[in-house]
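Chains as they are written, first to last, in this note's numbering: chain D, 978 to 1482; chain P, 19 to 380.
Note that beta-carbon positions come from the ideal geometry of N, C-alpha and C, so glycine has one too.
All values reported here derive from a predicted model rather than from experimental measurement.
In what follows, a single structure is set out as structure tokens and then discussed.
This is the structure we're talking about:
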């Protein structure tokens, strides 16, 4: 295997943080190379340097024996480096071919381009109709648009940033087949992920980053997932303990919940049904964009539904708003921390007041008890190990993981009867994620009913008693987690969007 | 190369320092403009900022004018700042000011020439209600039909101006005025007069109301959950919905309060310094108050200072026109510079400027 790209001593510092420090490794032609690390380990900065979005402070790169220093992505693409981002840069109101054309330097005429899109997508088993509107596509199909856009440039190195977070297990399998085919044809792939089993299944080599430094390189097939996780975190991990207590009476009942999505190109909820008992944890899986945000809004009360659709402890709360539901004992933590769960420019004290005012009794006759609010905020910071210089810093000054701990902590500290959380550990490091999951289970143990919406299947299987999946706004019947296989889960999540056909089953 | 870098938290120092810096920059740029007009810049700046308060000859007249002019500006700006903080843009305070004056004056004149201590309080209530009602029009249209409150409130200013003209010429015209447009003089009728409370200070009931409004708004924003909701809705609308804030209620409330305070300002003006409803009764306080609100960083205490400063540039500007023969347009340009520099240096509170050489060579 000949060497394609070599990184030598790449260093990049931002004010207050060294994102990458003396990073060196090499990728061979046709090699699938994993870049492993927790959030904030420096993976993104590193690939941004390779893709010409960020300039390294020191160090150099060598591509096919020639010095390589792209000053912008167009230059990187010209030299055969392509990248599929985690967050798609697609225009929903344009069709597939138009979106592809927008990413090209000199797009060919539309009809020719559409034919090439068809040809490439068939060759690599990624069926795609160039005439369809992107707004109508599933997340998996949108990813295919991005991949096909890259493949049209005939890349020598394809960088993929967390590609499977939006896919069902079946879709992941098909993506892997495509990637293996590319690798066999000599295209190197730099695969960024923190999902260890995937890396073991796909990658030839792995470079593990921690706090901006390369801490280990290994061959993933020869290591266990746990070994790699501990290299990544630099600590020994203990899985959370589930309670075996018998479940109590019904705490949350959702009957035929239908609601139009308030989000443009969002997914409306259709006839969602489930019942949750005290002490029970319901895990709701689903590919991103299948109604998770809408379900959280409908349960928190931000999206009002019709009377009778949501009952908390037997009381009809279907048409009530967030404060009435908090009064009835329901707390919620939305996925988006900055701007939804927390106000970015407000201090942690003010953000503690934001959702805690009612249940913590922080407001009397309309006047705010700031002393009590400060105590509440300080308690959250202490109990949930939020790393912050104080409670008076703005929420936006906290790292994503720390703010997540604060937001989840704020809700769990209100002695809730019902907890609804979307993506509880998104962007949180492994140790903090374990602590958050344990805190959720502790509340369940204390008698709270919990709904966890997550795209991390491992997380759901670890903490949930029951399992259901959202698929285009519909919820599958709930099933006990025990005895549930990954195949069944995949089918519950909606199959693979017709992808099997393409690979000639 | 100059780069802007976002601060992790807004700088408290610069939040206070930027208005001062803006005033200094305005003085420098304004001085250059005055010099280009062939006037002595130092004399011009001194005439605008110093003479109104301390000139041996004119100060006796101009010093009381400071509170007379600042009062309505502060009263209106405090109301506007609440809405601006919540992201609700009432640009039509001028119209609400006119409607407050018309309604208040009409309520009083309906009882003319009765003699009662209750007439003035009644007029105050009518004036507040008039402004409130005029603010409710954009509020209801926004909450019901999702119209843009900026456009609706602004256009209603022109409706109010037409109403003012028709009132001054019609229903409210002084029957003993010899056919001239304009109402009876309310400041000369004891029951409706809003006199100077302490001689030589310019202090009248409108100034008292402005001070009360500053204190009330300060407490509202610092201590009351409603003030918190206003700030939250402006900074993070989705977080506000998550917290259970009803956006429609805030729209009605903010437009209602700002309309009412503008209406009160109009009423105190028509019963005091202006004296009567006339065709050109409104003199732009409602629009200038927008500048005052921003100059004071939407903070009640800041607005108090900004209102006094703005009043000073008005009085000083008139003085400069009179004494140095500066054109009125130059004074307006000078006031425009103040807002321009204020908004320009505003970014220092959230960003820091880094001056660096070319980025490191890889």
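> By the criterion of Cβ-Cβ separation under 9 Å, what are the contact partners of residue 1277 (chain D) in chain P?
Replying inline: In chain order, 260 make up the part of chain P whose C-beta sits under 9 Å from the C-beta of residue 1277 (chain D).
> Looking at residue 984 (chain D) and residue 1000 (chain D), is the spacing between their C-beta atoms short of 8 Å?
Replying inline: Taking 8 Å as the Cβ cut-off, residue 1000 (chain D) and residue 984 (chain D) qualify as a contacting pair.
>> Please return the same chain residues whose Cβ sits closer than 7 Å to the Cβ of residue 1119 (chain D), not counting the five positions on each side in sequence.
In response: Close CB contacts of residue 1119 (chain D) within its chain, under the 7 Å cut and outside five residues either way in sequence, are with 1065, 1067 and 1111 (chain order).
> Taking the alpha-carbon positions, what's the residue 254 (chain P) to residue 236 (chain P) distance?
Replying inline: Taken atom to atom, the span from the alpha-carbon of residue 254 (chain P) to that of residue 236 (chain P) is near 21 Å.
> Which class does residue 1095 (chain D) belong to by DSSP, given the choice of helix, strand or coil?
Replying inline: Judged by DSSP in its simplified three-state form, residue 1095 (chain D) adopts helix.
> Looking at the structure shown, is residue 1474 (chain D) part of a helix, part of a strand, or coil, going by DSSP?
Replying inline: The predicted position of residue 1474 (chain D) is uncertain, since its pLDDT is 40 and thus under 50; a value taken from the coordinates is nonetheless stated next. Note: residue 1474 (chain D) maps to coil in three-state DSSP.
> For residue 118 (chain P), which option in P:84, P:334, P:169 and P:276 has the closest C-alpha, if you only look at C-alpha atoms?
Replying inline: Closest option to residue 118 (chain P), Cα to Cα, is P:276.
> Where do the N-terminal and C-terminal ends of the alpha helix (DSSP H) with residue 121 (chain P) fall, by residue?
Replying inline: Under the DSSP assignment, residue 121 (chain P) falls in the alpha helix (DSSP H) whose first and last residues are 111 to 127.
> Can you tell me where the beta strand (DSSP E) with residue 1235 (chain D) in it begins and where it stops?
Replying inline: For residue 1235 (chain D), the uninterrupted beta strand (DSSP E) run begins and ends at 1227 to 1236, by DSSP.
> What are the complete beta strand (DSSP E) segments, minimum 3 residues, inside the stretch 39 to 74 of chain P?
Replying inline: DSSP runs (the beta strand (DSSP E)) wholly in the stretch 39 to 74 of chain P: none.
> Got a sec? Which residues, its chain only, sit under 6 Å from residue 1400 (chain D) by beta carbon, not counting five neighbours each side?
Replying inline: Excluding five sequence positions before and after residue 1400 (chain D), the CB atoms of its chain that fall closer than 6 Å to its own CB belong to 1312 and 1431, given in chain order.
>> Quick check on the DSSP output: the beta strand (DSSP E) that includes residue 988 (chain D) runs from which residue to which?
In response: Its beta strand (DSSP E) spans residues 980 to 991.
>> On the criterion of 16 or more Cβ atoms from any shown chain inside 10 Å, does residue 107 (chain P) qualify as buried, or is it exposed?
In response: Classified as buried, residue 107 (chain P) has 16 or more neighbouring CB atoms from the shown chains inside 10 Å of its CB.
> Rounded C-beta distance between residue 386 (chain P) and residue 321 (chain P)? I'm assuming under 8 Å.
Replying inline: An answer regarding residue 386 (chain P) cannot be provided, because it is not within the stretch 19 to 380 covered by chain P.
>> So, for residue 1330 (chain D): in the same chain, excluding its five sequence neighbours on each side, which residues have a beta-carbon less than 7 Å away from its beta-carbon?
In response: The answer, listed in chain order, is 1339, 1345 and 1350.
>> Does the contact criterion of 3 or more C-beta pairs under 8 Å hold for the stretch 338 to 350 of chain P versus the stretch 54 to 68 of chain P?
In response: Contact holds: three or more Cβ-Cβ distances are below 8 Å.
> Using a Cβ-Cβ cut-off of 8 Å (strictly less than) and excluding sequence neighbours within five positions of residue 1038 (chain D), which residues of its own chain qualify?
Replying inline: Excluding sequence neighbours, residue 1038 (chain D) sits near 982, 983, 984, 985, 987, 1026, 1027, 1044, 1045 and 1046.
> Using the rule of at least 16 other Cβ atoms within 10 Å of the residue's Cβ for burial, across every protein chain shown, is residue 1242 (chain D) buried or exposed?
Replying inline: Burial call: exposed.
> Any residues in the stretch 305 to 316 of chain P with a beta carbon nearer than 9 Å to a beta carbon of chain D? Which ones, in chain order?
Replying inline: Residues of the stretch 305 to 316 of chain P whose Cβ lies closer than 9 Å to any Cβ of chain D: none.
> Along chain D, in chain order, which residues have C-beta atoms closer than 7 Å to that of residue 102 (chain P)?
Replying inline: Listed by position along chain D, the residues whose Cβ is nearer than 7 Å to that of residue 102 (chain P) form an empty set, because the closest Cβ is around 15 Å away.
> To the nearest angstrom, how far is it from the Cα of residue 1436 (chain D) to the Cα of residue 1458 (chain D)?
Replying inline: Rounded to the nearest angstrom, the two C-alpha atoms are 12 Å apart.
> Under a three-way DSSP split, which group does residue 1101 (chain D) fall into?
Replying inline: The answer is coil: DSSP assigns residue 1101 (chain D) none of H, G, I, E or B.
>> Taking the alpha carbon of residue 88 (chain P) as the reference point, which residue from P:344, P:329 and P:122 has its own alpha carbon closest?
In response: Looking at the Cα atoms, P:329 is the closest of the given residues.
> How far does the alpha helix (DSSP H) with residue 1379 (chain D) in it reach, from first residue to last?
Replying inline: Looking at the DSSP string, the run of the alpha helix (DSSP H) that includes residue 1379 (chain D) is 1377 to 1389.
>> DSSP three-state label for residue 236 (chain P), please.
In response: The answer is helix: DSSP assigns residue 236 (chain P) an H, G or I state.
> Between residue 1428 (chain D) and residue 1228 (chain D), which are expected to be in contact by the criterion C-beta below 8 Å, what is the C-beta distance as a whole number of angstroms?
Replying inline: About 10 Å; that fails the 8 Å criterion.
> When the distance is taken between beta carbons, is residue 26 (chain P) closer than 8 Å to residue 368 (chain P)?
Replying inline: No, these two residues do not count as a Cβ contact at 8 Å.
>> Alpha carbons only, please: which of D:1032, D:1441 and D:1451 is nearest the one belonging to residue 1259 (chain D)?
In response: Of the listed residues, the one whose Cα sits closest to residue 1259 (chain D) is D:1441.
> Using the C-alpha atoms, what's the distance from residue 1460 (chain D) back to residue 1199 (chain D)?
Replying inline: Straight across, the Cα-Cα distance linking residue 1199 (chain D) with residue 1460 (chain D) is about 28 Å.
> Using a Cβ cut-off of 7 Å, which residues of the stretch 234 to 266 of chain P contact any Cβ in chain D, in chain order?
Replying inline: Those would be 241, 242, 243, 244, 246, 250, 253, 254, 256, 257, 259, 260, 261 and 262, in chain order.
> How about residue 318 (chain P): is its C-beta nearer than 8 Å to some C-beta of chain D?
Replying inline: No - not a single Cβ of chain D is within 8 Å of the one on residue 318 (chain P).
>> Any beta carbon of chain D sitting closer than 8 Å to that of residue 26 (chain P)?
In response: Chain D contact via Cβ: present.
> Whose CA, out of P:317, P:216 and P:372, lies closest to the CA of residue 34 (chain P)?
Replying inline: Of P:317, P:216 and P:372, the residue nearest in Cα terms is P:317.
> Which class does residue 1060 (chain D) belong to by DSSP, given the choice of helix, strand or coil?
Replying inline: In the three-state DSSP reduction, residue 1060 (chain D) falls in the strand class (E or B).
>> If distances are taken between C-alpha atoms only, which option among D:1113, D:1443 and D:1382 comes closest to residue 1503 (chain D)?
In response: Since the first residue shown for chain D is 978 and the last is 1482, residue 1503 (chain D) is missing from the structure and cannot be characterised.
> Is residue 1318 (chain D) closer than 8 Å to residue 1384 (chain D) when the C-beta atoms are compared?
Replying inline: With contacts defined as CB atoms closer than 8 Å, residue 1384 (chain D) and residue 1318 (chain D) qualify as a contacting pair.
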